[in-house]
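Presented below is the structure to which this report refers.
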Amino acid sequence: GPILQATGLTKRYGGLVANSDISLTVNHGELRGIIGPNGAGKSTFFKMLTCEVPPTSGTIMFEGQDITGKNVTDVCQLGLTKSYQVNQLFNRLTVRENVTIAVLAELRGKFKLDLFANRSKIEGLNEQVEHTLELVNLAGRPDVPVSELAYGEKRRLEIGLALANSPSLLLLDEPLAGMSPQERIETVKLLKSISRGRTMIIIDHDMDSLFELVERITVLQEGRVLVEGTPDEIKNNA
Ligand code: ADP
Ligand code: ADP
Numbered sequence: 364g365p366i367l368q369a370t371g372l373t374k375r376y377g378g379l380v381a382n383s384d385i386s387l388t389v390n391h392g393e394l395r396g397i398i399g400p401n402g403a404g405k406s407t408f409f410k411m412l413t414c415e416v417p418p419t420s421g422t423i424m425f426e427g428q429d430i431t432g433k434n435v436t437d438v439c440q441l442g443l444t445k446s447y448q449v450n451q452l453f454n455r456l457t458v459r460e461n462v463t464i465a466v467l468a469e470l471r472g473k474f475k476l477d478l479f480a481n482r483s484k485i486e487g488l489n490e491q492v493e494h495t496l497e498l499v500n501l502a503g504r505p506d507v508p509v510s511e512l513a514y515g516e517k518r519r520l521e522i523g524l525a526l527a528n529s530p531s532l533l534l535l536d537e538p539l540a541g542m543s544p545q546e547r548i549e550t551v552k553l554l555k556s557i558s559r560g561r562t563m564i565i566i567d568h569d570m571d572s573l574f575e576l577v578e579r580i581t582v583l584q585e586g587r588v589l590v591e592g593t594p595d596e597i598k599n600n601a
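Sequential numbering from 364 applies to the sequence shown in UniProt numbering.
Written out as structure tokens, the structure is:
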């Protein structure tokens, strides 16, 4: 069944219509791609799903619950998370410290701030941190400060921080942007492996990678859904 149902989402900024009547259903376990030219409204759509900005009209159902008008923290705790951006990493802290902070933040939220009443979770912190580092291929570089990481490594760390929240729905905004062809191939492989048992929506400009990765694609243009289908259907329509 559906994990996410957006219905009639519209976002206006003054006279500018960034999203117009977008409806989209994503099923549990699905990998969905979103493509479209710059200005098509992709980022705005994600911001409404994470409740960073409220829609002008329309509704968002997540796991059967109406989340329209909730805040980012609440929605994150429910299991809907967007990948961090490079500028949100703590540059002077190490890879491991960054992941530890994200895991702790998640535990704090989940256990209503009472870390001491949940000692076994806290004592399992290191295992959860190690597991996250392995998921994003950074287990060999835990003690490196973020400022010394290569760009591709920073992008993987962003994904790791989002995974530390154990989201049931993970939104990735251009996870392949700025990467070399080799880094892209590795990141596609990584995204495939972390997608097991998870639902993900991925915005990206790299059509070949997306076609390889996702099961369905939604094409946005001028704030509207132009077409939706399997990668083969989208290719044959292009
Ligand atoms: P995309 O992610 O596909 O490039 P965006 O969602 O960023 O598209 O932007 C869609 C349109 O909405 C663009 O014309 C953009 O300039 C406009 N827009 C986005 N955010 C804002 C904002 N906070 N205020 C005003 N206009 C915005
Ligand atoms: P991104 O594509 O990563 O969202 P942008 O440079 O498009 O980055 O947008 C940066 C920020 O500025 C976003 O919060 C976006 O909502 C906002 N923004 C984008 N376009 C406009 C605009 N025309 N007027 C005001 N704010 C905008």
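No residue lacks a Cβ here, since even glycine has one placed at the ideal position from N, Cα and C. Note that the coordinates shown come from a computational prediction; the quantities given were computed from them, not determined experimentally.
Might you give, ordered along the chain, the residues of its own chain that have their beta carbon closer than 7 Å to the beta carbon of residue i, omitting 5 neighbours on each side?
{"i": "Tyr514", "result": "Gly541"}
May I ask whether a heavy atom of ligand 1 can be found less than 7 Å away from the beta carbon of residue i?
{"i": "Lys517", "result": "no"}
{"i": "Gly404", "result": "yes"}
{"i": "Leu532", "result": "no"}
{"i": "Tyr376", "result": "yes"}
{"i": "Ala381", "result": "yes"}
{"i": "Thr413", "result": "no"}
For residue i, count neighbouring Cβ atoms within 10 angstroms of its own Cβ and tell me buried if that reaches 16, exposed if not.
{"i": "Arg547", "result": "buried"}
{"i": "Val590", "result": "exposed"}
{"i": "Ser572", "result": "buried"}
{"i": "Phe408", "result": "buried"}
{"i": "Ala381", "result": "buried"}
{"i": "Lys405", "result": "buried"}
Are the CB atoms of residue j and residue i within a distance shorter than 8 Å?
{"i": "Pro389", "j": "Cys414", "result": "It is Val, not Pro, that sits at residue 389 in the sequence shown. No. Outside cutoff."}
{"i": "Arg455", "j": "Pro508", "result": "yes"}
{"i": "Ser529", "j": "Ile366", "result": "no"}
{"i": "Ala525", "j": "Leu512", "result": "no"}
{"i": "Glu393", "j": "Glu578", "result": "yes"}
{"i": "Arg395", "j": "Thr550", "result": "no"}
{"i": "Glu497", "j": "Tyr447", "result": "no"}
Can you name, in chain order, every residue of its own chain whose Cβ lies under 6 Å from the Cβ of residue i, other than the five neighbours on each side?
{"i": "Lys433", "result": "Cys414"}
{"i": "Gln368", "result": "Thr388 and Met424"}
I'd like the list of long-range same chain contacts for residue i, defined as Cβ closer than 8 Å, with 5 residues on each side in sequence excluded.
{"i": "Val466", "result": "Leu488, Gln491, Val492, Thr495 and Ala527"}
{"i": "Arg482", "result": "none"}
Stretch-stretch touch, CB-based, cutoff 8 Å, three pairs: the segment 565-574 with the segment 520-538: Between the segment 565-574 and the segment 520-538, the count of Cβ pairs shorter than 8 Å is three or higher; the stretches touch.
Any 3 or more C-beta pairs closer than 8 Å across the segment 567-587 and the segment 389-401: A contact exists between the segment 567-587 and the segment 389-401.
Cβ contact (3+ pairs, closer than 8 Å) linking the segment 466-482 and the segment 552-563: Judged by pairs of C-beta atoms under 8 Å, the segment 466-482 does not touch the segment 552-563, as fewer than three such pairs exist.
Inter-stretch contact at 8 Å, needing at least 3 Cβ pairs: the segment 422-433 / the segment 364-372: Verdict: yes, contact present.
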